[in-house]
Amino acid sequence: MTPNAPSLPSLSPRPASLSPGAADAAGPQADPAALNAKIEARSLNFYYGDAHVLHAIDMRIPERLVTAFIGPSGCGKSTFLRTLNRMNDIIPGARVEGTVEVDGVDIYGRDIDVVGLRRRIGMVFQKSNPFPKSVYDNVAYGPRINGMITSRGQLDDLVESSLRAAALWDEVKDRLQESALALSGGQQQRLCIARALAVKPDIVLMDEPASALDPIATQRIEELVHQLKRDYTIVIVTHNMQQAARISDFTAFFWLGRLVEFDRTERIFTAPREQLTEDYVTGRFG
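When you read off a place in the sequence shown, starting at 1, and then add 190, the result is the number in my numbering.
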């Protein structure tokens with residue numbers, strides 16, 4: 191927190207449901223009738239041991255659009271992102287209260303197959319993390335261990351289609367047997383996206399996927415996000431407000447573990463309802 195940042199009592203979060211007006215203006219493909227909530231969090235609280243890090247989050251994330259999470263470091267946006275596919279389960283002392291539903295099913299229910307859930311909700315991390323294998327084997331790994339393929343030809347087709355979806359095929363089609371670690375940073379990140387897509391998810395979560403990349407590689411990731419929302423629900427964490435404004439349809443602003451405001455991106459950046467949101471997006475604190 192900066193010395194001039196507003197204190198917590200100044201918050202007055204508004205309801206986070208999507209209004210018809212917000213749905214109408216969500217984006218070029220935003221047919222209001224199709225804007226069902228793919229993901230819905232209700233009264234979500236999250237704890238690391240005794241530390242209460244997310245406070246009563248209510249949010250409806252629409253299907254096949256890009257939703258961006260913004261806010262200063264430590265505000266809870268990455269923690270919230272990881273609750274959406276239960277990545278926080280592996281942290282000792284982590285505890286969730288409330289519900290997160292995907293297509294109306296509580297993903298924290300007793301009968302949930304967590305491995306299956308994470309296949310359905312892919313994750314791309316801040317730092318590219320290709321396996322120390324060939325380009326081909328990186329993409330093929332998920333389909334192989336999940337028994338998704340029955341022949342080498344089927345696997346070849348899936349690897350190619352996943353690399354094409356990640357806008358990487360033309361750059362690596364003659365390098366499939368080379369080590370993935372020989373690729374550039376931007377290529378490695380797109381390979382990780384291809385690896386996530388290869389297991390046929392419905393949702394792709396991205397935790398600052400371009401923060402370690404140069405401007406050209408960042409632009410490619412942003413262009414890719416635009417393309418992917420035709421087929422996937424995309425949720426992205428970013429510290430780059432200009433990036434959020436460029437690529438997202440909806441934006442959520444977090445502050446000290448609370449959701450301050452959630453609305454269509456244009457409104458968040460031009461006419462936010464909360465003074466705290468305006469102070470953040472105009473650079474008065476960060």
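For every residue, glycine included, the Cβ atom is placed at its ideal position computed from N, Cα and C.
*asked:* Classify G332: buried if its beta carbon has 16 or more other beta carbons within 10 angstroms, exposed otherwise.
replied: The residue is buried, with at least 16 neighbouring Cβ atoms inside 10 Å.
Does DSSP classify E287 as helix, strand or coil? strand
ask   = Do the region 234–242 and the region 279–290 make contact, defined as three or more Cβ pairs closer than 8 Å?
value = yes
>> Using only the alpha-carbon positions, how far apart do G473 and G306 sit?
In response: 41 Å
Cβ of R310 within 8 Å of Cβ of I393?
-> A contact, by the Cβ cut-off of 8 Å.
Applying the 10 Å Cβ sphere with the 16-neighbour rule, what's the burial state of N278? buried
Could you work out which residue in E230, G266, V256 and P262 is closest to A241 when comparing CA atoms only? Selected option, being the one with the closest Cα: G266.
Problem set entry | N275 and L395 closer than 8 Å at C-beta | yes
- Task: Find the nearest neighbour of Y422 within the set T455, M313, V349 and F452, judged by alpha-carbon distance.
- Result: Among T455, M313, V349 and F452, the Cα nearest to that of Y422 is on M313.
* Taking I281 as the reference, which of E291, V292 and T269 has the closest Cα? -> T269
To the nearest angstrom, report how far apart P399 and N319 are at their CA atoms. 11 Å
Could you give the first and the last residue of the continuous alpha helix (DSSP H) run that contains Y422? Run containing Y422: none; DSSP gives neither H nor E here.
- prompt: Based on the DSSP secondary-structure assignment, which residues constitute the bridge partners of H242?
  reply: Y237
Cβ neighbour criterion (16 or more within 10 Å) applied to P322: exposed
Checklist line | Backbone CA spacing between K363 and L348 [nearest angstrom] | finding: 13 Å
Margin query: Buried or exposed for D214, going by 16 or more other Cβ atoms inside 10 Å?
Written below: With a pLDDT of 41 at D214, under the threshold of 50, the modelled position of that residue is not reliable, and no figure is offered here.
### Task
Label K317 either buried or exposed according to how many other C-beta atoms from any shown protein chain fall within 10 Å of its C-beta, with 16 as the threshold for buried.
exposed
Tell me the rounded alpha-carbon separation between N430 and T340. 43 Å
Exercise for the section: Whole angstroms is fine: what's the gap from D439's alpha carbon to G343's? Expected result: Rounded to whole angstroms, D439 to G343 spans 38 Å at the Cα level.
Q) Would L371 count as contacting chain D if we go by Cβ distances under 8 Å? A) Absent from the structure: chain D. Only one protein chain is present.
Who pairs with A227 in a beta bridge, going by DSSP? P252
- Item | The beta strand (DSSP E) enclosing R300, as first and last residue numbers | Looking at the DSSP string, R300 is not in any beta strand (DSSP E), and its letter there is neither H nor E.
Exercise for the section: Can you give me the Cβ contacts of R380 inside the same chain, cut-off strictly under 8 Å, excluding the 5 residues immediately before and after it? Expected result: A356, A357, L358, R410, I411 and L414
In or out: D300 buried (at least 16 other Cβ within 10 Å) or exposed?
For the sequence presented, residue 300 should be read as Arg rather than Asp. Exposed is the call here.
(Q) I'd like to know whether the C-beta atoms of T460 and I260 end up nearer to each other than 8 Å. (A) no
Length of the line joining the Cα atoms of I426 and A258 = Cα to Cα, I426 sits roughly 5 Å from A258.
Worksheet item: Leaving out five residues before and five after E350 in sequence, what residues of the same chain have Cβ atoms less than 7 Å from its Cβ?
Response: W359
Excluding the 5 residues flanking I302 on each side, which residues of the same chain have their C-beta closer than 7 Å to its C-beta?
Excluding five sequence positions before and after I302, none of the CB atoms of its chain fall closer than 7 Å to its own CB.
* **Same chain, Cβ closer than 6 Å to E230, five either side skipped, listed in chain order** => R250 and E291
Just to confirm before moving on: does the CB-CB distance between V256 and I458 stay below 8 Å? no
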